[in-house]
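Data first, discussion second: the structure below is written as structure tokens.
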Amino acid sequence: MAVEIESLFTSALGLATPWRVANVELNTAQKRIDFNITCEAKYLPCPLCNKADQSIHDRLERHWRHLDFFQYEAWLHAELPRIHCDDCDKTTQVEVPWAREGSGFTLLFEALALSLCQDLPVRQAAQLLRCNDKQLWRRIEHYVQAARKLDDMSGVKIAGIDETSLRKGQNYITVVHDLEKKRLLFACEGRDHKTVVDFASDLKAHGGKPEQIEHVCQDMSAAYAKGVSLALPNAQISYDRFHVVAMANEAMDEVRREETRTQPQSIKTALGGNDRKLLKSLAWGMRRNPDGWSTKQLNAMHWLQHSTLKSARAWRLKMALRTVYANAVKHNDEDLAKAELSSWLSWATRCRLEPFKKLATTLKQRLDGVVRGMLDNRSNAYVEAMNGLLQQAKRAARGFKTATNFIMIAYLCMSKLKHLPSNPLVPAVSPKYSVLVHRCL
0 MAVEIESLFT SALGLATPWR VANVELNTAQ KRIDFNITCE AKYLPCPLCN KADQSIHDRL
60 ERHWRHLDFF QYEAWLHAEL PRIHCDDCDK TTQVEVPWAR EGSGFTLLFE ALALSLCQDL
120 PVRQAAQLLR CNDKQLWRRI EHYVQAARKL DDMSGVKIAG IDETSLRKGQ NYITVVHDLE
180 KKRLLFACEG RDHKTVVDFA SDLKAHGGKP EQIEHVCQDM SAAYAKGVSL ALPNAQISYD
240 RFHVVAMANE AMDEVRREET RTQPQSIKTA LGGNDRKLLK SLAWGMRRNP DGWSTKQLNA
300 MHWLQHSTLK SARAWRLKMA LRTVYANAVK HNDEDLAKAE LSSWLSWATR CRLEPFKKLA
360 TTLKQRLDGV VRGMLDNRSN AYVEAMNGLL QQAKRAARGF KTATNFIMIA YLCMSKLKHL
420 PSNPLVPAVS PKYSVLVHRC L
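Residue 419 in numbering that gives the first Met the number 0 sits at position 420 of the sequence shown, with consecutive numbering throughout.
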């Protein structure tokens, strides 16, 4: 009976000659099962030069954590042969088929850990697997780097560049996404022009060509624009409409906050009272689209539009800019878009609202890129969404100790790497069962 059990576990572990399970020890008190594996061969090929029939020099005991068997924590133990080769005159340890060299985990355990870390904070995944989170971080870094070496970026033509916060203060990482295939290409610490130069070097290392990049969508960062001009010679820059409208919203909020602080009585009089809830409705109504106004926001905005407040002018400027963008998408006419934007810039320059005057100056300096962003109808919306997911992962993990950890998680979750180990717990469905399920549905 014991021989049958050992043969069963030999098959379950996927072992082949000369490896087999020699003994199984179950400890129900510690909820642990140990498999002692033996190598039955007396002669093996040299791991270095592959010379056949070399004698075993000695054996060294090694241990590996494996996937759980039932509810029990599983461990593999084996005395690994070391081969002394007569040909190359070196003594080398034999590699085992169930684990990579130097790892204390089996390949299947590491594959499961990577799959969990794609959906859970690493610390939670470590608690679930009953191991140390530092051990998982080392595996993530190893497999992500190995998969990225094999990653192909030869077809990248449109890139989106943005930064995301690493921690409080001036700590950022730069992320570059392929906007066509919706995947992360590159991430590094910092947000200066060198990050774009580093991306171009990384692109070359993965089969891509910097001169093949036709279009870059980014925010108003002068550093990124400088990097693009240095490292991506044929790329046209378009300034993301999301960032332009966001800057207009920020200018509008700045006007409203300043007016609320310096002239509170004027606003209360315009609104017909001193209700703080009404002031709050005004703040949210100015930010939202008219079709999304609540009843209170509708009343507040009605009063605002019939007032002579600076906030009313700021709101009209913001809405006029949104109309310029809408017309550009609708007509797709470069001359019309440039004329309407120039008209808006003239209005903003003469509006006597300092935040909008600064915005107008910024947009004038980047007029061609802003117009291009209107007509191309491209945006960094996908990049912003991924940044949001990264920030969500950061909050769930209570922050990352190092920028390297943050970057590794970004690659693991968003790069769509094809050479990562697959989840070993994916259910195997037989062809007959698949057909039956399809017919039932």
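Just so it is clear, CB atoms sit at the ideal spot from N, CA and C, and this is done for glycine as well.
- By the Cβ rule, the stretch 326-340 does not count as touching the stretch 293-302, because fewer than three pairs are nearer than 8 angstroms.
- Contact between Arg137 and Leu113 fails: their C-beta atoms lie close to 12 angstroms from each other, not under 8 angstroms.
- As the crow flies, the alpha-carbon of Cys38 is around 18 angstroms from that of His65.
- Contact annotation: Glu72 and Arg122 have beta-carbon atoms that are not nearer than 8 angstroms.
- By the Cβ neighbour-count rule, Ala124 is buried, with 16 or more other Cβ atoms within 10 Å of its own.
- Comparing alpha-carbon positions, the option among Thr16, Cys84 and Asp118 lying closest to Ala396 turns out to be Asp118.
- Closest by C-alpha distance to Glu140, out of Lys50, Leu127, Glu109 and Asn22, is Glu109.
- The straight-line gap separating the alpha-carbon atoms of Glu5 and Leu416 is approximately 37 angstroms.
- Within the same chain, no residue comes within 6 angstroms of Asp334 by CB-CB distance, once the 5 residues on both sides are set aside.
- Closest in alpha carbon position to Glu94, among Phe34, Ile82, Leu178 and Thr307, is Ile82.
- Taking the C-beta atoms as reference points, Met413 is found nearer than 8 angstroms to Met385.
- Counting only unbroken stretches of 3 or more residues, no beta strand (DSSP E) element lies wholly within the stretch 304-359.
- Between Cys187 and Pro17, the alpha-carbon positions lie close to 46 angstroms from each other.
- Among the bridge pairs identified by DSSP, Thr173 is matched with Glu162 and Cys187.
- Within a 10 Å sphere around the beta-carbon of Val155 sit 16 or more other beta-carbons, which makes this residue buried.
- In this chain, the alpha helix (DSSP H) harbouring Gln126 covers Val121 to Leu128.
- Between Ala313 and Val254 the beta-carbon gap is near 4 angstroms, inside 8 angstroms, which marks them as a contact.
- The C-alpha of Gln235 is placed about 19 angstroms away from the C-alpha of Ser153.
- Counting the other Cβ atoms within 10 Å of the Cβ of Arg371 gives 16 or more, which makes it buried.
- If the five residues before and after Leu149 are omitted, its C-beta is found closer than 7 angstroms to the C-beta atoms of His418, all from its own chain and listed in chain order.
- Excluding sequence positions up to five before and after Pro46, its CB lies within less than 8 angstroms of the CB of Ile82, Thr91, Gln92, Val93 and Glu94, all in the same chain and listed in chain order.
- Around the beta-carbon of Pro354, 16 or more other beta-carbon atoms lie within 10 Å, marking it buried.
- By the Cβ neighbour-count rule, Phe399 is buried, with 16 or more other Cβ atoms within 10 Å of its own.
- Beta-bridge pairing by DSSP links Asp132 to no other residue.
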